[in-house]
Amino acid sequence: MSQPLEIATKRKIFLVGNPNVGKSVLFNALTGAYTTVSNYPGTSVEIARGEATIAGTTYEVLDTPGMYGLQPMTEEERVSQRILLQEEAFAVIHVIDARNLERMLPMTVQLIEAGLPLILVVNIIDEAERMGIAIDIALLQQRLVIPVIAAATAHKRGLDEIRTAISSFAGGRHPAYAYAPDLERDILRLAVQLHGDYRVDRRALALLFLLRDEETMALVHRIEGESAAAIAETAKEIIFSHRSDLHLRLSMERKRICTELLADVVSNTPRQGRTFGEKLSALTMNPWTGVPILLAVLYFGLYQFVGIFGAGTVVGLLEGDLFSDIINPWFISTADRFIPWLWLHELLVGEYGILTLAVRYAVALVMPIVGTFFVAFSILEDSGYFPRLAMLVDRIFKAIGLNGRAVIPMVLGFGCDTMATIVTRTLETTRERVIATVLLALAIPCSAQLGVILALLAGVPGALLIWTIVMCVIFLFVGFLTARLLPGERPMFYMEIPPLRLPQLRNVVVKTLTRMQWYFLEIFPLFILASVVLWAGKMTGALESLVRFLAPGMTLLGLPEDVAAVFVFGFFRRDFGAAGLFDMNEQGLLSPVQLTVAAVTLTLFVPCVAQFLMMKKERGWKVALIIFAAVTASAFGVGWLLNIFLLSMGWLT
Amino acid sequence: MKCAFCGWEIDEKQIGQSERCGQCPGGCRKVHCPHCGYANPVVPGYLQRWMKKEDDDPVT
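Line by line, the protein sequences are chains A and B. Residues in the first sequence are numbered from 1 upward in steps of one, following our numbering. Residues in the second sequence are numbered from 1001 upward in steps of one, following our numbering.
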């Protein structure tokens, strides 16, 4: 079916550039809300299209996948290249990062060489200015002979200038940048053999052909037909005659061209030393200062704020004063009056009742703890501390077969180990993924579990220190052992560190509320379900049998038999188990040694059902079951040894 | 949105497209950064509207 004339002849604008330079922000700013996303024909790569009306003319805008140059390495880049080489553009807007002009300008040179109708947007100019980088936009425009606009699209700066540049754009030819004479001769030798009708300059096509770019070779074969074999033969001779790496040679030539283009264009205003943020950033990554900073963060952020304030003060108010003294007695007395059936009475307000257990655990115990945890987490996240933590622990993690990248699943594990297990797939090798999965299952408690344990142990002098030492030793020992059992490569870790910044109150509030809302929606139904299952277990006697079955294990650990129920709770959800331990301690059922042993064993104890299912999904049945068995054995083995050790040393007694 | 870990600009189109663990009732509320894998929470609608309102009418 033929398209309406208006659509068929609509002028096209392609947005191109490296990933993460603000192309999509510009796309959204130009097109507004009405955009469509569809796979590029014959590929699984998604392309966003939208319409922009500028000075009365409607343009079709395409947001192409990020690319680093005209020669593609990935399927996404291949699609971007295909769009540039084969589709008719009214204007190609190349978006580059003002902070990395030298690195990004070679692609601009390539696009100019290709004869594409180019507009250059030097984006993120505000950050560059803050860094003391000054760019003479007028001089750059004069040298490139294309429109050049300074912009900060995220802050709407430069958008009007971009629209004006589009509406007044006339296209036109651009200067060709000369390479070394021998290269120029060879490029010309190949370019003159291209006689077909191409959308881009033949010289640029010849260059890509010499670099053995598959898309270009296929295009030339398709268009040149029988002559293609002769062209390929010429290219082969040229490549052979150079012997040295042609890629490297061309890159060096483009670098030279860019250096000449940027002479006097970019100037760095000398600053008096580094800023406070930069100094602090360096301190957080230096092992001598970074470790004390980390300990301070853990002490104030986790222990004082989450453990003492959240799990102590706020839980005390909600759980002790509100639920135990007012809400639960009212529930129970009301149920006593109106519910004569034992099973329903038990289901609602019994030992494992929905109202007296599930609601109380979710609202009075878990919410204050995860709430304060998420506040601390959001502050650290918004400050940009986590990537620095990754750099700091990189060396330690290498000893256990991981690298700094594994900080991501580990940090996320404090929020939810199940989700963190899926994130292990971002690690490069299977070996790393297995090691990280084991450590998540064994030694990384979730936030609520951690908060409850901090609050419980804070009341026993020395207990928290013992728990911390045991967890660190186990983490490193198991990691070290697993890394030895699974030999393999240790991939390098490098990442671009975003700037350290003062956390923004609004960001912290939004992130905290977001996480709390999702967490509550997630745990509330599960807590109710766990409560119903435990109620059913109690009514049928199955729970008692299970507790009896686990009782010998509890005796070995020196714990009261009733603590078995806490481990059953913990298998439903880690936070549910921790809340159970909190209850038992409140009832005065545990001595300091028992509390410490129970806290250590429960932290190490088997992952919850959801995490186990995720391990099975990610690593398969065999590995998941091995991890399950190893974690269970380690948890009870360490608990048993710790109990013997503490009793023999007479500590905490 | 920007990744809270590495600062990568995450395409709005990728929200809801990332790999899910399938364990959360009501569906996944995370956007995994395509660059580093960090799980960024999806801000609920009412908070997005509040932020947009703040952006449109900045209090000076």
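Note that CB positions come from ideal geometry on N, CA and C, so glycine has one too. What you are looking at is a predicted structure, and each value in this text was computed from that prediction instead of being measured.
- Residue B/Y1038 holds the alpha-carbon nearest to the alpha-carbon of B/C1003 among B/C1028, B/Y1038 and B/R1029.
- In this structure, A/R619 sits away from A/V478, with a CB-CB distance that is not shorter than 8 angstroms.
- At a cut-off of 8 angstroms between beta-carbon atoms, A/F386 makes contact with chain B.
- Listed in chain order, the alpha helix (DSSP H) runs fully inside the region 22 to 95 of chain A are 23 to 31 and 75 to 86, counting runs of at least 4 residues.
- Boundaries of the alpha helix (DSSP H) harbouring A/I166: L159 to S167, taken from the DSSP string.
- For the pair A/A152 and A/T269, the CB atoms are not nearer than the 8 angstroms cut-off.
- In the three-state scheme derived from DSSP, where H, G and I count as helix and E and B as strand, A/D126 is classed as helix.
- For A/Q449, no Cβ of chain B is located within less than 8 angstroms of the residue's own Cβ.
- Counting other Cβ atoms within 10 Å of its Cβ, A/N20 reaches 16 or more and is therefore classed as buried.
- Residues of the region 412 to 430 of chain A whose Cβ lies closer than 7 angstroms to any Cβ of chain B, in chain order: L412, T418, M419, I422, V423 and T426.
- From the beta-carbon of A/L62, no residue of chain B is found nearer than 7 angstroms; the closest lies around 13 angstroms away.
- Per DSSP, reduced to three states, the secondary structure at A/R202 is helical.
- Beyond the five residues adjoining it in sequence on each side, A/A364 comes within less than 8 angstroms, by CB distance, of V315, L318, E319, L322 and F323 in the same chain, given in chain order.
- By the criterion of a C-beta distance shorter than 6 angstroms, A/I332 is surrounded in its chain by V349, once the five residues flanking it on both sides are discounted.
- Cβ neighbours of A/T421 within its own chain (closer than 7 angstroms, five residues either side excluded): T437, L440, Q611, M614, M615 and E618.
- Within the model, the alpha-carbon separation for A/V370 versus A/A89 is close to 52 angstroms.
- Counting only runs of at least 4 residues, the region 352 to 422 of chain A fully encloses the following alpha helix (DSSP H) elements, listed from N- to C-terminal order: 367 to 383, 385 to 399 and 407 to 413.
- Residue pairing by DSSP puts A/R11 in a beta bridge opposite A/Y59.
- By the neighbour-count criterion, in which a residue is buried when 16 or more other Cβ atoms sit within 10 angstroms of its Cβ, A/H195 is exposed.
- For A/A624, the closest alpha carbon among the candidates A/A635, A/F636 and A/P607 is that of A/P607.
- Within chain A, the residues whose beta carbon sits less than 7 angstroms from that of B/V1043 are V510 and T514, listed in sequence order.
- Around A/E381, the beta-carbon contacts reaching into chain B at under 8 angstroms are A1004 and F1005.
- The criterion of a C-beta distance shorter than 8 angstroms is not satisfied by A/A128 and A/R82.
- Contact between the region 293 to 305 of chain A and the region 175 to 190 of chain A is absent: fewer than 3 CB-CB pairs across the two stretches fall below 8 angstroms.
- Setting aside the 5 residues that flank it on each side, A/K538 is surrounded in the same chain by E346, G350, E351, Y352 and E544, each with a C-beta closer than 8 angstroms to its C-beta; the list follows chain order.
- Looking at the DSSP output, B/H1032 bridges to B/A1039.
- Secondary structure of A/D136 (DSSP, three-state): coil.
- For A/A150, the uninterrupted beta strand (DSSP E) run begins and ends at V148 to A150, by DSSP.
- Of all residues in the region 472 to 501 of chain A, only M495, E496, I497, P498 and P499 come within less than 9 angstroms of chain B when Cβ atoms are compared, listed by chain position.
- Taking 8 angstroms as the cut-off, the Cβ atoms of A/V423 and A/P445 do not count as close.
- Annotation: the continuous beta strand (DSSP E) that includes A/S267 extends over V266 to N268.
- Close CB contacts of A/M285 within its chain, under the 7 angstroms cut and outside five residues either way in sequence, are with R388, M391 and L392 (chain order).
- When A/G277, A/T372 and A/V452 are compared, the shortest CA-CA separation from A/Y361 is found for A/V452.
- If the five residues before and after A/A154 are omitted, its C-beta is found closer than 8 angstroms to the C-beta atoms of G22, V25 and I124, all from its own chain and listed in chain order.
- Between the region 491 to 510 of chain A and the region 398 to 406 of chain A there are three or more inter-stretch CB-CB distances shorter than 8 angstroms, so the stretches are counted as touching.
- Under a criterion of Cβ atoms nearer than 7 angstroms, the residues of chain A adjacent to B/K1030 are, in order, M419.
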